[in-house]
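These protein sequence lines are chains E and L, in that order.
Quick note on numbering: the numbering used here labels position 131 of the first sequence as 131, and the sequence is numbered without any gaps.
All you need for the numbering used here is the position in the second sequence, starting with 1, plus 495.
To keep things clear, I will list the structure first and then write my remarks on it.
There are 2 protein chains.
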Amino acid sequence: MALSVDTFFLNPEAQGTLQAQIQELIAAGILSGRFGVGDKLPSSRKLAKHLGVSRITVTLAYTELVANDYLSARGRSGYFVSDSAPVPPSYAPAPQHLRDSADQLDWQRHLTRSFTGGDTPRKPQDWRSYRYPFIYGQADETLFDHANWRLCALRALGQKDFAAMTGDYFDQDDPLLLEYISRHTLPRRGILARPEEILITLGAQNALWLTSELLLNRNRKAAIEDPCYYTLRDQLAHRRCKLDIIPVDDAGLPPDQIGDDTDVIFTTPSHQSPTTVTMPMARRKALLARARDIGAVVVEDDYEFEMSFGAAPSPALKSIDADGRVIYLGSFSKSLFPGLRLGYLVGSEAFIRQARALRANVLRHPPGHIQRTVAYFLSLGHYDAQIRRTARVLQERREVLEDAIAKHGLTKVRLGKHGASGGSSLWMEGPAHLDMGPVARSLRSKGVFIEPGAPFFSAPHQPLHYYRLGYSSIPASRIPAGIALLAEALRDAGD
Amino acid sequence: MALSVDTFFLNPEAQGTLQAQIQELIAAGILSGRFGVGDKLPSSRKLAKHLGVSRITVTLAYTELVANDYLSARGRSGYFVSDSAPVPPSYAPAPQHLRDSADQLDWQRHLTRSFTGGDTPRKPQDWRSYRYPFIYGQADETLFDHANWRLCALRALGQKDFAAMTGDYFDQDDPLLLEYISRHTLPRRGILARPEEILITLGAQNALWLTSELLLNRNRKAAIEDPCYYTLRDQLAHRRCKLDIIPVDDAGLPPDQIGDDTDVIFTTPSHQSPTTVTMPMARRKALLARARDIGAVVVEDDYEFEMSFGAAPSPALKSIDADGRVIYLGSFSKSLFPGLRLGYLVGSEAFIRQARALRANVLRHPPGHIQRTVAYFLSLGHYDAQIRRTARVLQERREVLEDAIAKHGLTKVRLGKHGASGGSSLWMEGPAHLDMGPVARSLRSKGVFIEPGAPFFSAPHQPLHYYRLGYSSIPASRIPAGIALLAEALRDAGD
Chain E
1 MALSVDTFFL
11 NPEAQGTLQA
21 QIQELIAAGI
31 LSGRFGVGDK
41 LPSSRKLAKH
51 LGVSRITVTL
61 AYTELVANDY
71 LSARGRSGYF
81 VSDSAPVPPS
91 YAPAPQHLRD
101 SADQLDWQRH
111 LTRSFTGGDT
121 PRKPQDWRSY
131 RYPFIYGQAD
141 ETLFDHANWR
151 LCALRALGQK
161 DFAAMTGDYF
171 DQDDPLLLEY
181 ISRHTLPRRG
191 ILARPEEILI
201 TLGAQNALWL
211 TSELLLNRNR
221 KAAIEDPCYY
231 TLRDQLAHRR
241 CKLDIIPVDD
251 AGLPPDQIGD
261 DTDVIFTTPS
271 HQSPTTVTMP
281 MARRKALLAR
291 ARDIGAVVVE
301 DDYEFEMSFG
311 AAPSPALKSI
321 DADGRVIYLG
331 SFSKSLFPGL
341 RLGYLVGSEA
351 FIRQARALRA
361 NVLRHPPGHI
371 QRTVAYFLSL
381 GHYDAQIRRT
391 ARVLQERREV
401 LEDAIAKHGL
411 TKVRLGKHGA
421 SGGSSLWMEG
431 PAHLDMGPVA
441 RSLRSKGVFI
451 EPGAPFFSAP
461 HQPLHYYRLG
471 YSSIPASRIP
481 AGIALLAEAL
491 RDAGD
Chain L
496 MALSVDTFFL
506 NPEAQGTLQA
516 QIQELIAAGI
526 LSGRFGVGDK
536 LPSSRKLAKH
546 LGVSRITVTL
556 AYTELVANDY
566 LSARGRSGYF
576 VSDSAPVPPS
586 YAPAPQHLRD
596 SADQLDWQRH
606 LTRSFTGGDT
616 PRKPQDWRSY
626 RYPFIYGQAD
636 ETLFDHANWR
646 LCALRALGQK
656 DFAAMTGDYF
666 DQDDPLLLEY
676 ISRHTLPRRG
686 ILARPEEILI
696 TLGAQNALWL
706 TSELLLNRNR
716 KAAIEDPCYY
726 TLRDQLAHRR
736 CKLDIIPVDD
746 AGLPPDQIGD
756 DTDVIFTTPS
766 HQSPTTVTMP
776 MARRKALLAR
786 ARDIGAVVVE
796 DDYEFEMSFG
806 AAPSPALKSI
816 DADGRVIYLG
826 SFSKSLFPGL
836 RLGYLVGSEA
846 FIRQARALRA
856 NVLRHPPGHI
866 QRTVAYFLSL
876 GHYDAQIRRT
886 ARVLQERREV
896 LEDAIAKHGL
906 TKVRLGKHGA
916 SGGSSLWMEG
926 PAHLDMGPVA
936 RSLRSKGVFI
946 EPGAPFFSAP
956 HQPLHYYRLG
966 YSSIPASRIP
976 AGIALLAEAL
986 RDAGD
């Protein structure tokens with residue numbers, strides 16, 4: 001690669017002759033890894049002009065660097081970083097004169113608060129290297145309709161769509177995507193909403209964040225399910241609102257446990273997260289009635305409704321919401337892939353208008369090209385086909401998983417007659433008094449990834465013996481061996 | 496299109512016979528625009544099974560709808576939405592039984608605060624339909640390297656990159672993009688930073704938002720330039736921090752005007768926004784010294800450094816920051832396109848770690864496919880070529896614009912010897928006492944779009960006679976006629 005002359009600057013504070021400074025500059029570039037072996041240096045004429053020094057100064061610096069083996073001269077072709085130049089251990093440091101003195105600030109004092117150290121557990125970036133990845137919520141390349149996705153992306157990259165892809169929407173969204181969600185996606189959940197009642201978000205997590213930011217502060221109270229999606233708890237912690245933590249039973253969130261002073265109720269009626277229980281219709285009605293009685297808003301996180309097999313999906317809570325009290329969250333992360341970062345919020349127009357203004361303030365809008373690609377993928381029918389294919393495969397994996405669990409006598413949490421149809425995970429119970437954290441860690445060395453359940457529970461009474469088995473990224477053929485290793489680890493831990 | 500049976504739900508609260516309910520359901524779908532002319536209804540057998548009613552009930556409902564001209568029967572092919580079905584005026588309402596009762600909540604009471612009605616002016620979504628769009632910050636399809644962008648996007652869509660594109664990065668970024676920015680982009684600004692000191696953001700606006708969120712609250716004070724980028728003021732208004740509003744002069748932000756109790760200084764040294772003045776080196780040093788004296792953090796928004804022609808870009812303020820006090824914001828919105836929504840933050844590792852945690856909380860990470868596409872576009876050299884091509888064209892437009900302005904005697908704001916090289920806009924001054932708002936509005940009917948300057952100033956002392964002329968989206972050939980119309984409007988307004 002030719003090194004651009006634009007990346008060369010003399011430090012106005014530097015000591016020493018100009019020639020020495022130029023030598024240091026280049027040596028530092030090589031030692032820091034910025035300049036790689038074989039990279040071509042600018043001509044002495046160009047560099048001299050750029051730095052405002054005489055050409056002979058640059059030539060002398062280059063000659064000296066050749067003598068020191070940093071550079072090699074190739075006749076008329078110019079100067080290159082030498083094959084035998086000192087090699088940096090790995091790319092890292094900037095030159096000493098900046099590095100030593102940098103970060104003299106006490107950031108604790110400058111930051112208004114800390115966002116690190118929340119409840120959200122770190123998942124391994126290298127989960128694909130596990131042989132038995134019972135991980136939840138990642139994409140499986142074997143299930144994804146790569147060919148048609150590429151075609152849709154290409155179409156969205158076409159000249160015709162240039163404006164849609166590249167323009168600044170300010171606070172708006174791709175009208176094609178909004179219309180498709182309004183006309184085709186939401187009706188599948190029994191929801192009828194106009195485009196003005198829909199906001200595209202940067203994934204469902206962003207939708208949750210916008211909602212919490214708009215509806216909660218330190219004087220207000222949120223009711224959350226226990227266990228629940230840990231990142232929701234992190235988000236609410238930053239809003240500093242009061243929390244009403246409500247244990248779920250075998251029909252999900254029990255409405256009669258919700259306190260009178262609750263302002264916002266967060267719930268996952270289709271598949272309670274993480275237990276996967278489905279809330280029956282009678283309880284849904286009771287929940288809405290309770291919310292009406294206490295004047296609370298309900299936030300329905302419908303994070304994986306498409307993954308319903310075994311039984312037809314029940315209509316969303318939002319579909320029986322007669323007074324505009326329910327804010328509905330949808331996501332394409334589970335049905336397409338999480339790296340897409342695309343979800344949506346559905347609610348009353350007055351709420352969506354505010355959510356749109358807040359989103360515009362924070363990030364303007366999700367990238368246009370991605371919105372348009374998804375609009376095509378949906379409207380050409382590829383999405384529905386993908387969902388059907390995925391549901392078939394998940395159902396097969398689920399059956400294999402249930403068999404393996406039964407064979408090894410592992411305990412699936414009892415969820416009543418409503419639980420456990422569809423979804424992409426099982427909620428499991430280890431032996432009481434066993435901490436699944438160390439078990440999960442020891443399993444990693446055997447190539448088995450499982451998620452300990454403790455982080456889903458609200459402190460301080462976190463039970464330690466639950467765990468989650470995701471099956472959206474593990475082939476059915478590997479499930480029995482993975483479960484055998486898990487069963488062995490549980491036996492060992494029990495001894 | 497075949498209408499999916501999954502979008503049909505009976506309302507459990509509905510009155511009337513099952514047959515009447517089905518008829519209403521379908522009629523409402525047609526009247527609301529959800530079902531279009533020619534759409535095929537599910538077979539009576541399928542719909543009956545799905546709704547749990549007898550097949551004859553569905554058949555009778557269909558027959559009745561045919562009689563009423565909502566549907567037409569095509570022999571054995573089934574039932575379709577009729578050509579002569581009642582047509583909705585435009586797609587809008589949901590069925591009455593939901594619509595009438597929806598939004599019975601007093602959202603004023605439920606929302607913690609309002610985000611609408613800020614200082615950010617609304618720009619027209621249809622600016623491409625203007626013949627003379629002196630709009631700022633939009634993409635020009637004639638300048639964009641569409642072919643290579645498509646190739647990079649395709650490569651990033653390849654099987655090899657599946658994991659990078661689709662995976663959930665949690666709080667991380669694409670390592671390829673981070674490394675490229677670290678090794679090649681930042682060195683052009685004289686900045687040497689490790690990947691741990693860089694965070695990818697959803698555009699520069701998102702970077703500003705994250706920074707404000709981390710460093711400011713109602714007890715702290717921010718110094719901002721006057722005039723400045725209005726959205727920054729909106730963001731700070733929501734942080735409710737104190738403001739020190741400092742008028743810029745012909746060398747940008749004057750350090751000696753910054754109050755002792757300032758915590759964060761926002762500045763745009765390369766091209767002051769919107770005046771375009773470049774801060775000279777002596778003042779940059781004075782600004783850093785002042786920040787050190789009062790213990791303030793400096794936020795450098797380097798929003799369009801690539802658009803420097805006429806003179807080499809000066810190194811960033813961050814490049815002479817010896818103690819890690821400067822937080823640097825970069826963006827690809829101006830050099831690639833704003834719909835990309837990709838920018839980056841550079842700062843001390845302790846700061847970036849917190850910004851990363853906050854970003855993860857709000858939205859996890861910018862979409863993987865977009866990060867990877869940009870990484871390819873950068874590393875294959877297309878970006879540099881694009882910048883050079885764009886700079887050439889902008890320079891030509893600038894010359895045409897300056898000529899037209901001179902010819903018509905319009906007034907460019909005097910910016911001292913340092914101002915006005917490069918960039919993609921001119922900062923203009925109309926006749927004193929003239930409000931450019933109505934002038935800009937009246938020009939729209941003649942196909943001319945200009946931006947009134949008032950929104951850039953902090954209330955209450957907004958001067959009304961400034962305006963901005965962007966030239967990033969208007970061909971050079973149209974500039975003279977557009978400026979002639981502007982000059983005419985100014986003359987008319989002066990009469």
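Ideal Cβ placement from N, Cα and C applies to all residues, glycine included.
From a predicted model like this one, the values you see are computed outputs, not experimental measurements.
{"Query": "Test: glutamine 104 (chain E) CB closer than 8 Å to a CB of chain L", "Result": "yes"}
{"Query": "CB contact check: glutamine 21 (chain E) to chain L, cutoff 8 Å", "Result": "no"}
{"Query": "Buried or exposed (CB count within 10 angstroms, at least 16 for buried), valine 298 (chain E)", "Result": "buried"}
{"Query": "Any C-beta of chain E under 8 Å from that of serine 609 (chain L)", "Result": "yes"}
{"Query": "Bridge partners - tryptophan 107 (chain E), DSSP secondary structure assignment", "Result": "Its beta-bridge partners do not exist; DSSP assigns none."}
{"Query": "Exposure of serine 212 (chain E), with buried meaning 16 or more beta-carbon neighbours within 10 Å", "Result": "buried"}
{"Query": "Host alpha helix (DSSP H) of phenylalanine 337 (chain E) (start-end)", "Result": "That residue, phenylalanine 337 (chain E), is in no alpha helix (DSSP H); it is neither H nor E in DSSP."}
{"Query": "Rounded C-alpha distance that separates arginine 113 (chain E) from cysteine 736 (chain L)", "Result": "15 Å"}
{"Query": "Proximity test, Cβ basis, 8 Å: valine 792 (chain L) and chain E", "Result": "yes"}
{"Query": "Listed by chain order, chain L residues near glycine 75 (chain E) by CB distance under 9 Å", "Result": "Near glycine 75 (chain E) there are no residues of chain L at all, since even the closest Cβ is about 25 Å away, more than 9 Å."}
{"Query": "Proximity of tyrosine 839 (chain L) and isoleucine 676 (chain L) at Cβ, strictly below 8 Å", "Result": "yes"}
{"Query": "Status (buried if at least 16 other CB within 10 Å, exposed otherwise) for asparagine 68 (chain E)", "Result": "exposed"}
{"Query": "For aspartate 496 (chain E), the nearest candidate out of E:Ile224, E:Tyr376, E:Ala251 (CA to CA)", "Result": "Any question about residue 496 (chain E) goes unanswered here, given that chain E covers just 1 to 495."}
{"Query": "Tyrosine 62 (chain E) versus glycine 75 (chain E): straight-line alpha-carbon distance, rounded", "Result": "13 Å"}
{"Query": "Proximity test, Cβ basis, 8 Å: glutamine 752 (chain L) and chain E", "Result": "no"}
{"Query": "Cβ neighbour criterion (16 or more within 10 Å) applied to valine 772 (chain L)", "Result": "buried"}
{"Query": "Residue-level contact to chain L via CB, proline 187 (chain E), 8 Å cutoff", "Result": "yes"}
{"Query": "Span separating the alpha-carbon of leucine 342 (chain E) from that of isoleucine 370 (chain E)", "Result": "8 Å"}
{"Query": "Host beta strand (DSSP E) of threonine 696 (chain L) (start-end)", "Result": "693-696"}
{"Query": "Under the three-state DSSP convention, the category arginine 715 (chain L) falls into", "Result": "coil"}
{"Query": "C-beta neighbour in chain E for leucine 922 (chain L), strict 8 Å", "Result": "This sequence places tryptophan at residue 922 (chain L); leucine is not what is there. With 8 Å as the cut-off, tryptophan 922 (chain L) does not count as an interface residue toward chain E."}
{"Query": "Residue from L:Asp758, L:His545, L:Phe800 with nearest C-alpha to leucine 764 (chain L)", "Result": "Before going further, note that residue 764 (chain L) is proline rather than leucine in the sequence given. If we check each option's Cα against that of proline 764 (chain L), L:Phe800 comes out closest."}
{"Query": "Coil, strand or helix - tyrosine 724 (chain L) by DSSP", "Result": "coil"}
{"Query": "Isoleucine 387 (chain E) versus valine 374 (chain E) - alpha carbon distance", "Result": "14 Å"}
{"Query": "Under 7 Å from the C-beta of glycine 110 (chain E): neighbouring residues of chain L", "Result": "Checking the sequence shown, residue 110 (chain E) turns out to be histidine, not glycine. Per Cβ cutoff of 7 Å: Leu710, Val792."}
{"Query": "Run of the alpha helix (DSSP H) containing glycine 612 (chain L), from where it starts to where it stops", "Result": "Note, glycine 612 (chain L): premise wrong, no alpha helix (DSSP H); not H, not E."}
{"Query": "Option nearest asparagine 217 (chain E) by Cα separation, candidates E:Gln205, E:Ala163, E:Thr231, E:Leu236", "Result": "E:Leu236"}
{"Query": "Reduced DSSP category for arginine 99 (chain E) - H, G, I as helix; E, B as strand; rest coil", "Result": "For arginine 99 (chain E), the pLDDT reaches just 48, beneath the cut-off of 50, and the residue's location in the model is therefore unreliable, leaving the point undetermined."}
{"Query": "Presumed contact (8 Å Cβ cut-off) between leucine 697 (chain L) and leucine 858 (chain L), rounded CB distance", "Result": "7 Å"}
{"Query": "Residues near serine 90 (chain E) by beta carbon distance below 6 Å, same chain, minus five either side", "Result": "Confidence is the limiting factor: at serine 90 (chain E) the pLDDT is only 42, short of 50, which leaves the residue's position unreliable, though a coordinate-based value still follows. Here the set comprises nothing."}
{"Query": "Any non-hydrogen atom of the ligand ATP closer than 7 Å to histidine 928 (chain L) Cβ", "Result": "No copy of the ligand ATP occurs in the structure displayed, which carries no ligand at all."}
{"Query": "Under 7 Å from the C-beta of alanine 139 (chain E): neighbouring residues of chain L", "Result": "Thr661, Gly662"}
{"Query": "Any C-beta of chain E under 8 Å from that of leucine 537 (chain L)", "Result": "Per the sequence shown, residue 537 (chain L) should be read as proline rather than leucine. It does not; no Cβ of chain E falls within 8 Å."}
{"Query": "At least 3 beta-carbon pairs within less than 8 Å: the segment 391-409 of chain E vs the segment 160-173 of chain E", "Result": "no"}
{"Query": "Straight-line gap, glycine 863 (chain L) to proline 338 (chain E) (C-alpha atoms, nearest Å)", "Result": "9 Å"}
{"Query": "Endpoints, alpha helix (DSSP H) assigned at isoleucine 405 (chain E)", "Result": "382-408"}
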